[in-house]
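Please read the structure below before turning to the comments.
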Amino acid sequence: MTTALDADGIVRPTADAGRRDALLFPPEVQNHAANLAVLPDGTLACVWFAGTQEGVPDISVWFSRREGDAWSEPVRLSDDPGRSEQNPVLNVRASGEVWLLWTSQHAGNQDTARVLRRVSTDGGRTWGATDVLVPETDAGGVFVRQPMVTLPSGRILLPVFHCVRIDGRKWVGDRDYSGVMISDDDGASWREVTVPESTGCVHMNIGRLSDGQLVALYRSRWADHVYRSVSDDDGETWSAPEPTDLPNNNSSVQFVVLDGDRLALVYNESSRADATERRLSLYDEIDDDGIAETQGTVEESAPLTDGDPRQAFWGAPRAPMTLALSDDRGVTWPRRRNLEEGDGYCLSNNSRDGLNREFSYPSIVADGTTLHVAFTRFRQAIEYCELTPEWLS
């Protein structure tokens with residue numbers, strides 16, 4: 000197990016056979032929301048957001064590449080002085096282009112988010128200009144977290160979730176829902192299909208099985224379970240998400256499809272049932288003196304009037320970080336092993352004072368029989384794990 004003092008990007012063996020770890024260079028005080036991808040030349044890349052604190056305009060997207068047994072010093076790929084830029088994800092196209100997508104919002108107001116894009120034609124060495132891929136809508140913000148999926152037909156599926164704007168209330172996520180942007184012309188135009196009955200189900204992560212069925216797993220705003228739905232028509236329609244036996248703490252999950260349609264998922268084995276306290280503030284704003292101040296609280300939100308009593312639950316522990324395997328298309332997950340353990344304290348986003356102890360927002364990719372996993376460590380650095388079949392067995 001690594002510590003924050005080892006954040007030099009070097010991949011080192013651990014005490015666990017078949018596992019090697021690294022902490023990537025932290026360019027800023029807060030580092031969060033990693034996503035991994037295998038680039039066209041076969042090297043591994045990681046993107047995440049870093050800055051003073053989530054929601055602050057100095058939050059930007061950063062990029063690092065693994066070269067041998069060392070991760071490179073990160074480089075900044077976005078820099079909007081008026082918006083917080085979050086949730087980056089790399090997408091490698093069949094043409095060899097690499098698309099970087101991320102969200103851009105005002106402060107902690109996710110209902111103002113839009114999805115931006117930059118394209119690299121040289122494997123991530125240089126990047127083109129920024130454009131708006133999915134604009135903010137009249138109903139609220141649009142967010143991404145998970146990679147696109149390209150089907151054998153060439154169709155592109157981009158999972159998104161909508162941060163719904165409710166008049167008279169500050170956004171807290173109570174009515175967020177999922178959809179899929181579809182392109183049949185290599186990204187020149189897009190249309191959206193909505194996942195039915197998906198209120199509260201976000202961070203939709205799609206995987207394609209060998210018979211063409213699409214499986215999606217979701218984070219739950221209710222902090223109860225990981226949810227699951229399927230599509231049998233290339234994403235045109237989706238079943239309503241249903242809870243699995245896996246807990247969820249209103250934090251991100253990600254899975255990858257392995258040989259034989261086995262699924263490998265990284266997530267927090269935790270839910271609201273494990274919370275001894277509930278987080279009051281969703282975002283902390285930094286004032287001119289560098290002090291965190293609360294922007295708003297769940298309890299201060301005006302009551303909803305649509306007849307649905309559910310509210311998003313924030314503050315459930317973000318630990319342990321767990322890897323689980325499924326042999327039945329994600330219906331059950333009998334094999335589970337923790338990557339990191341701890342109390343998962345996340346009642347504040349404050350990284351300046353080192354208050355946060357979460358392991359969260361995992362990403363996973365497969366390269367042959369080796370799994371690569373990255374996730375947030377205490378909101379101070381991105382932790383990376385290389386896992387071979389020896390560790391998995």
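Take the sequence shown: its letter number 86 is residue 85 in numbering that gives the first Met the number 0, and every next letter is one higher.
C-beta atoms are modelled at their ideal positions from N, C-alpha and C, and glycine is treated no differently.
Residue i classed as buried or exposed, judged by whether at least 16 other C-beta atoms fall within 10 angstroms
i             : result
glutamate 268 : buried
arginine 11   : exposed
threonine 331 : exposed
valine 148    : buried
serine 63     : buried
glycine 234   : buried
aspartate 223 : buried
valine 214    : buried
aspartate 307 : exposed
valine 74     : exposed
threonine 321 : buried
threonine 2   : Here the model assigns threonine 2 a pLDDT of 45, short of 50, so the residue's position is not dependable, and the following value carries that caveat. So threonine 2 ends up on the exposed side.
aspartate 175 : buried
proline 361   : buried
threonine 51  : buried
serine 119    : buried
Distance between beta carbons of residue j and residue i, contact taken as under 8 angstroms
i              : j              : result
arginine 317   : asparagine 248 : 6 angstroms
threonine 375  : alanine 6      : Incorrect: roughly 13 angstroms between the Cβ atoms, too far for contact.
aspartate 260  : arginine 328   : 7 angstroms
glycine 314    : glutamate 276  : 6 angstroms
isoleucine 363 : leucine 370    : 6 angstroms
aspartate 110  : valine 179     : Contact doesn't hold; Cβ gap of about 20 angstroms is too wide.
leucine 99     : leucine 132    : Contact doesn't hold; Cβ gap of about 10 angstroms is too wide.
Residue i, DSSP secondary structure in three states
i              : result
leucine 245    : strand
tryptophan 126 : coil
alanine 452    : Residue 452 falls outside the range modelled here, since the chain spans only 0 to 392, and no answer is possible.
arginine 271   : helix
aspartate 258  : helix
proline 361    : strand
glutamate 84   : strand
leucine 281    : coil
proline 158    : strand
leucine 115    : strand
glutamate 389  : helix
aspartate 137  : coil
aspartate 166  : coil
aspartate 5    : helix
serine 347     : coil
serine 238     : coil
glycine 178    : strand
leucine 354    : coil
methionine 0   : Any reading at methionine 0 must be qualified, since the residue scores a pLDDT of 44, below 50, and its modelled position is unreliable; no value is offered.
Residues bridged to residue i (per DSSP)
i                 : result
valine 265        : Gln253 and Leu322
proline 146       : Answer by DSSP bridge pairing: none, since proline 146 is not bridged.
asparagine 90     : Trp98
phenylalanine 377 : In the DSSP output, where bridge partners are listed per residue, phenylalanine 377 has none listed.
threonine 368     : Note: threonine 368 sits in no beta bridge, so no partner.
serine 152        : Its beta-bridge partners do not exist; DSSP assigns none.
glutamine 104     : Ser83
glutamate 339     : Met320
glutamate 382     : Leu22 and Phe374
Residue i beta carbon near the ligand ATP (any heavy atom closer than 6 angstroms)
i         : result
serine 77 : The ligand ATP is absent from the structure shown, which contains no ligand whatsoever.
Handout entry: Length-filtered (3 minimum) beta strand (DSSP E) runs lying within the stretch 10-77
Key = 18-22, 29-37, 43-50 and 59-66
Practice task
Only counting runs of 3 or more residues, tell me where the beta strand (DSSP E) segments fall wholly within the stretch 185-212, in order along the chain.
Solution key: 190-193 and 200-207
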